[in-house]
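**Q**
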Amino acid sequence: MSYTDEVLERVKTQNPNEPEFLQAVTEVLNTLKPVVEVHPEYQKVSLLERLCEPERIISFRVPWLDDNGQVQVNKGYRIQFNGAIGPYKGGLRFHPSVNQSIMKFLAFEQVFKNSLTGLPIGGGKGGSNFDPKGKSDNEIMKFCQSFMTELQRHIGHDCDVPAGDIGVGGREIGYLFGQYRRIRDKYEAGVLTGKGLTYGGSLARKEATGFGLLYFMREMLKANGKDLNGKKVLISGSGNVAIYAAQKATEYGAKVVAMSDSNGCIYDENGINLDVIKKIKEVERKRIKEYLNYVPSAKYYEDKDGFRNIWTIKADIALPCATQNEISLDAAKTLVANGVWAVGEGANMPTTNEAVNYLLENKVLLAPAKAANAGGVATSALEMSQNSMRYSWTFDEVNAKLDGIMTNIFKNCKEAAEEYGFGNNYVAGANIAGFKKVADAMYAQGLI
Ligand code: NDP
Ligand code: 2IT
131 MSYTDEVLER
141 VKTQNPNEPE
151 FLQAVTEVLN
161 TLKPVVEVHP
171 EYQKVSLLER
181 LCEPERIISF
191 RVPWLDDNGQ
201 VQVNKGYRIQ
211 FNGAIGPYKG
221 GLRFHPSVNQ
231 SIMKFLAFEQ
241 VFKNSLTGLP
251 IGGGKGGSNF
261 DPKGKSDNEI
271 MKFCQSFMTE
281 LQRHIGHDCD
291 VPAGDIGVGG
301 REIGYLFGQY
311 RRIRDKYEAG
321 VLTGKGLTYG
331 GSLARKEATG
341 FGLLYFMREM
351 LKANGKDLNG
361 KKVLISGSGN
371 VAIYAAQKAT
381 EYGAKVVAMS
391 DSNGCIYDEN
401 GINLDVIKKI
411 KEVERKRIKE
421 YLNYVPSAKY
431 YEDKDGFRNI
441 WTIKADIALP
451 CATQNEISLD
461 AAKTLVANGV
471 WAVGEGANMP
481 TTNEAVNYLL
491 ENKVLLAPAK
501 AANAGGVATS
511 ALEMSQNSMR
521 YSWTFDEVNA
531 KLDGIMTNIF
541 KNCKEAAEEY
551 GFGNNYVAGA
561 NIAGFKKVAD
571 AMYAQGLI
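Each residue of the sequence shown is one higher than the one before, counting from 131 in this note's numbering.
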């Protein structure tokens, strides 16, 4: 049995109830075979076994009082997966589905993603099974304060730097930062990223993940003799990543014809009006169905039993920007049958492993999440740099650095894929390119 297969078996035995974590590890280990073959020294020091075991898992109780004075109790997590190349870095997710398996898959992927950015950040992730939907501002604040009251003892600008993810945006980061400052009694701006612009946030952080995805897509399409101009695009989700992906895609001359939320999707053959989406989602926090009140000619398809209508719409390019496993094997087959020839993962692990294989076998250009959505965390690292300097760059300066980082990530994924015989399988390229730096650093640092 190969070293990677041995480690995979071990990880499966030791983490039997964590399907998402096993999915992420399986995909990575299957692509690392040719790399560890040329590095036999890694097996001698059990490097892969250590790579697949988090350095630390913190889990805690989050009690808070709702608007009716009732006590509520949620689970809180922070997974500090790998700190070999820098302080743990990664978002916080507030969603009812959050559990240890989802936290671990996200933290594991973050290790490779953060390495790919070329910046000195290790991998971590955290969050809670708290459901922000339908909660008042007061309840959100109470929850964030309680969450941070525990989390604060585990984080710091040189140790672990959380940011946003699903259900955690500017409002939540503000409440979290306020509570951290109050408890620790110091202005440690670099302890969180995605902050507001009045208290240490970076210009272009809000746009960074979506913009970065399109910079990566631009490079991937260019390398394969294609471009975005005039192409029809499907974007799932209508949150932070989806909105700014749609904005940049439109700037590049593409037509975004569909977007979604967890209830269903809208189809607008004239191209989605993003000002309307921003009003509904960023300001009013309402359902995407409301789009029909502004654009009556658009169509709305309600999703049922986990079936996602958005992937049945004819288009050239699909950008999953909502959540994990939103493209099943069936959805991948429908996409291919409908003529989709490129997929760009804005969300983390949005495509099941079976669907990834199907897309690759059918020559679909696939921009993998670890690389394609790294623009968010890369810009978070730029926010940390600005906080350390006590200085801030202009929007254009940050955006230009982001573009350079994404262009470089694509180049590294392409070169790694070619070097190890994976052709234009950028999924393998991203895993290999991300792995190399972390493996090197872990090896150099001894038994850690
Ligand atoms: P938001 O909370 O801003 O938006 C999430 C969007 O996805 C919403 O439209 C939401 O719909 C939808 N969604 C969430 N969960 C589900 C679900 N289980 N089924 C169907 N739809 C769902 O989050 P972000 O835009 O920040 O994150 C989106 C994805 O991008 C996530 O996978 C995240 O991990 C990833 N990501 C985010 C980065 C960032 O900087 N924010 C960086 C890199 C990756 P509804 O409102 O109905 O729940
Ligand atoms: O998945 C991700 O990369 C994020 N949610 C962003 C993490 C960050 O630290 O900016």
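We treat Cβ as the ideally placed atom computed from N, Cα and C, and that holds for glycine.
DSSP on Y382, reduced to helix/strand/coil?
**A** Start at 1 with the first residue of the sequence shown, and residue 382 comes out as number 252. If DSSP states are grouped into helix, strand and coil, Y382 belongs with coil.
**Q** Kindly indicate which three-state DSSP category W441 falls into: helix, strand or coil?
**A** In the sequence shown, the residue the question calls residue 441 occupies position 311. If DSSP states are grouped into helix, strand and coil, W441 belongs with the helices.
**Q** Please list the terminal residues of the continuous beta strand (DSSP E) segment that includes D290.
**A** In the sequence shown, residue 290 corresponds to position 160, counting from 1. Looking at the DSSP string, the run of the beta strand (DSSP E) that includes D290 is 290-293.
**Q** Under 7 Å Cβ to Cβ from F565, same chain only, skipping five residues before and after it: list those, please.
**A** Here residue 565 is taken as the residue at index 435 of the sequence shown, counted from 1. Cβ neighbours of F565 beyond the five flanking positions: L162, V165, F242.
**Q** Could you check whether the Cβ of S245 sits closer than 6 Å to any heavy atom belonging to ligand 1?
**A** Here residue 245 is taken as the residue at index 115 of the sequence shown, counted from 1. False, no ligand heavy atom lies under 6 Å from that Cβ.
**Q** So, at 8 Å on beta carbons, what are the nonlocal neighbours of A293 in its own chain, with the 5 sequence-adjacent residues on each side left out?
**A** Mapped onto the sequence shown, residue 293 falls at position 163. These residues qualify, in order along the chain: K219, G220, G221, L222, I303, L322, T323, G324, G506, V507, S510.
**Q** Considering only residues of the same chain and omitting the five flanking positions on each side of L195, which have a CB-CB separation below 8 Å?
**A** The residue you call residue 195 lines up with position 65 of the sequence shown. Same-chain partners within the cutoff: V201, Q202, K272.
**Q** Is I303 near ligand 1, judged by its Cβ being under 6 Å from some heavy atom?
**A** Counting from 1 along the sequence shown, the entry for residue 303 is found at position 173. Checking every heavy atom of ligand 1 against the Cβ of I303, none is found closer than 6 Å.
**Q** Give me the residue from V192, N212, V155 with the minimum Cα distance to I578.
**A** Residue 578 sits at position 448 when you count from the first residue of the sequence shown. When only C-alpha atoms are compared, the closest one is N212.
**Q** Thinking C-alpha only, which one of S522, A502, A569, N517 is nearest V557?
**A** Counting from one through the sequence shown, the residue named residue 557 turns up at place 427. When each option's Cα is compared against that of V557, the closest is A502.
**Q** Suppose contacts are defined by Cβ-Cβ distances below 7 Å. Is I396 in contact with I418 by that definition?
**A** By one-based count along the sequence shown, residue 396 stands at place 266. By one-based count along the sequence shown, residue 418 stands at place 288. Yes, Cβ-Cβ distance for I396 and I418 is below 7 Å.
**Q** Excluding the 5 residues flanking G367 on each side, which residues of the same chain have their C-beta closer than 8 Å to its C-beta?
**A** Here residue 367 corresponds to residue number 237 of the sequence shown, with the count starting at 1. M389, S390, D391, P450, C451, A452, T453, G476, A477, listed in sequence order.
**Q** Within the continuous beta strand (DSSP E) that includes K448, where are the two ends?
**A** The sequence position of residue 448 within the sequence shown is 318, counting from 1. For the record, residue 448 in the displayed sequence is Ala; it is not Lys. Taken as a continuous stretch (DSSP letters only), the beta strand (DSSP E) holding A448 covers 447-450.
**Q** Compare the beta carbon distance of C274 and L236 with 7 Å and say whether it is the shorter of the two.
**A** Translated into positions along the sequence shown, residue 274 becomes position 144. Translated into positions along the sequence shown, residue 236 becomes position 106. Contact flag unset, no.
**Q** What are the uninterrupted segments assigned as alpha helix (DSSP H) that are 4 or more residues long and contained completely in the segment 363-417, given in chain order?
**A** With a minimum length of 4 residues, the continuous alpha helix (DSSP H) runs that stay inside the segment 363-417 are 370-381, 404-408.
**Q** Would you check if the distance between the CB atom of P226 and the CB atom of D267 is smaller than 7 Å?
**A** Numbered from 1 along the sequence shown, position 96 holds the residue referred to as residue 226. Numbered from 1 along the sequence shown, position 137 holds the residue referred to as residue 267. Cβ atoms of P226 and D267: not closer than 7 Å.
**Q** Report yes if the CB atom of F341 is closer than 7 Å to the CB atom of Y374, and no otherwise.
**A** Taking the sequence shown and counting its residues from 1, one reaches residue 341 at position 211. Taking the sequence shown and counting its residues from 1, one reaches residue 374 at position 244. Yes, the pair counts as a contact, with Cβ atoms nearer than the cut-off.
**Q** Taking C-beta to C-beta, are I215 and A571 nearer than 7 Å?
**A** For the purposes of this step, residue 215 is taken as the residue at position 85 of the sequence shown. For the purposes of this step, residue 571 is taken as the residue at position 441 of the sequence shown. Yes, Cβ-Cβ distance for I215 and A571 is below 7 Å.
**Q** What are the boundary residues of the beta strand (DSSP E) that R208 is part of?
**A** Working through the sequence shown from its first residue, we reach residue 208 at position 78. Where R208 is concerned, the enclosing beta strand (DSSP E) stretches over 201-212.
**Q** From E412, A334, A353, T143, pick the residue whose C-alpha is nearest to that of K378; which is it?
**A** By 1-based counting over the sequence shown, the position of residue 378 is 248. Checked all of E412, A334, A353, T143; the closest Cα to K378 is A334.
**Q** Are at least three pairs of beta-carbons, each pair with one atom in the segment 513-522 and one in the segment 487-496, less than 8 Å apart?
**A** No, they do not touch.
**Q** Return yes when at least one heavy atom of ligand 1 lies under 6 Å from the C-beta of I209, else no.
**A** Mapped onto the sequence shown, residue 209 falls at position 79. Outside the cutoff, so no.
**Q** Considering Cα atoms alone, identify which of V158, N400, H287, G436 is closest to N455.
**A** As a working mapping, residue 455 is identified with position 325 in the sequence shown. Residue G436 is the option with its Cα nearest to N455.
**Q** When burial is assigned at 16 or more other CB atoms within 10 Å of the CB, is Y424 buried or exposed?
**A** Translated into the one-based positions of the sequence shown, residue 424 becomes position 294. Looking at its Cβ environment, which holds fewer than 16 other Cβ atoms inside 10 Å, Y424 is exposed.
**Q** Return helix, strand or coil for A428, following the three-state DSSP convention.
**A** Taking the first residue of the sequence shown as position 1, residue 428 is located at position 298. In the structure shown, A428 sits in coil (DSSP, three-state: anything other than H, G, I, E or B).
**Q** Among the candidates R191, D526, A448, whose CA atom is the shortest distance from the CA of T481?
**A** By 1-based counting over the sequence shown, the position of residue 481 is 351. For T481, the nearest C-alpha among the options comes from A448.
**Q** Given 6 Å as the limit, tell me if A293 has its C-beta closer than that to any heavy atom belonging to ligand 2.
**A** Residue mapping note: residue 293 aligns to position 163 of the sequence shown, counting from 1. Yes - ligand 2 has a heavy atom lying nearer than 6 Å to the Cβ of A293.
**Q** At a cut-off of 6 Å, would you count I296 as near ligand 1, judging by its Cβ distance to the nearest heavy atom?
**A** Position 166 of the sequence shown, counted from the start, is the residue given in the question as residue 296. I296: yes, Cβ under 6 Å from ligand 1.
**Q** Measure the Cβ-Cβ separation of A543 and G553 and say whether it is below 7 Å.
**A** In the sequence shown, the residue the question calls residue 543 occupies position 413. In the sequence shown, the residue the question calls residue 553 occupies position 423. The identity of residue 543 in the sequence shown is Cys, whereas the question assumes Ala. It is not a contact, given that the beta carbons lie outside the stated cut-off.
**Q** Below 6 Å CB to CB, which residues in the same chain sit around V371 once its five sequence neighbours on both sides are set aside?
**A** On the sequence shown, position 241 is the one that residue 371 refers to. The residues are T339, G340, C451, G476.
**Q** Here's a check: name, in chain order, each residue in its chain whose Cβ is nearer than 6 Å to the Cβ of N259, leaving out the five neighbours to either side.
**A** As a working note, residue 259 is residue 129 in the sequence shown. Counting only Cβ-Cβ distances below 6 Å, and skipping sequence neighbours, we find N204, K205, P226, V228.
**Q** For a quick check, are the C-beta atoms of I407 and V386 less than 7 Å apart?
**A** Taking the sequence shown and counting its residues from 1, one reaches residue 407 at position 277. Taking the sequence shown and counting its residues from 1, one reaches residue 386 at position 256. Contact flag unset, no.
**Q** Alpha carbon to alpha carbon, what distance is there between Y430 and E399?
**A** What you label residue 399 is simply residue 269 of the sequence shown in a count that begins at 1. What you label residue 430 is simply residue 300 of the sequence shown in a count that begins at 1. Near 12 Å, if we compare the C-alpha coordinates of Y430 and E399.
**Q** On a Cα-Cα basis, can you pick out the residue from D405, P146, W441, K352 that is closest to V363?
**A** On the sequence shown, residue 363 is found 233 positions in, with the first residue counted as 1. Measuring from the Cα of V363, the nearest candidate turns out to be W441.
**Q** For a test of the three-state rule: what should DSSP assign to I215, helix, strand or coil?
**A** Start at 1 with the first residue of the sequence shown, and residue 215 comes out as number 85. Note: I215 maps to coil in three-state DSSP.
**Q** Given this structure, state the Cα-to-Cα distance separating F190 from K263, to the nearest angstrom.
**A** To locate residue 190, count along the sequence shown from 1; it is residue 60. To locate residue 263, count along the sequence shown from 1; it is residue 133. Each residue's alpha carbon lies about 22 Å from the other.
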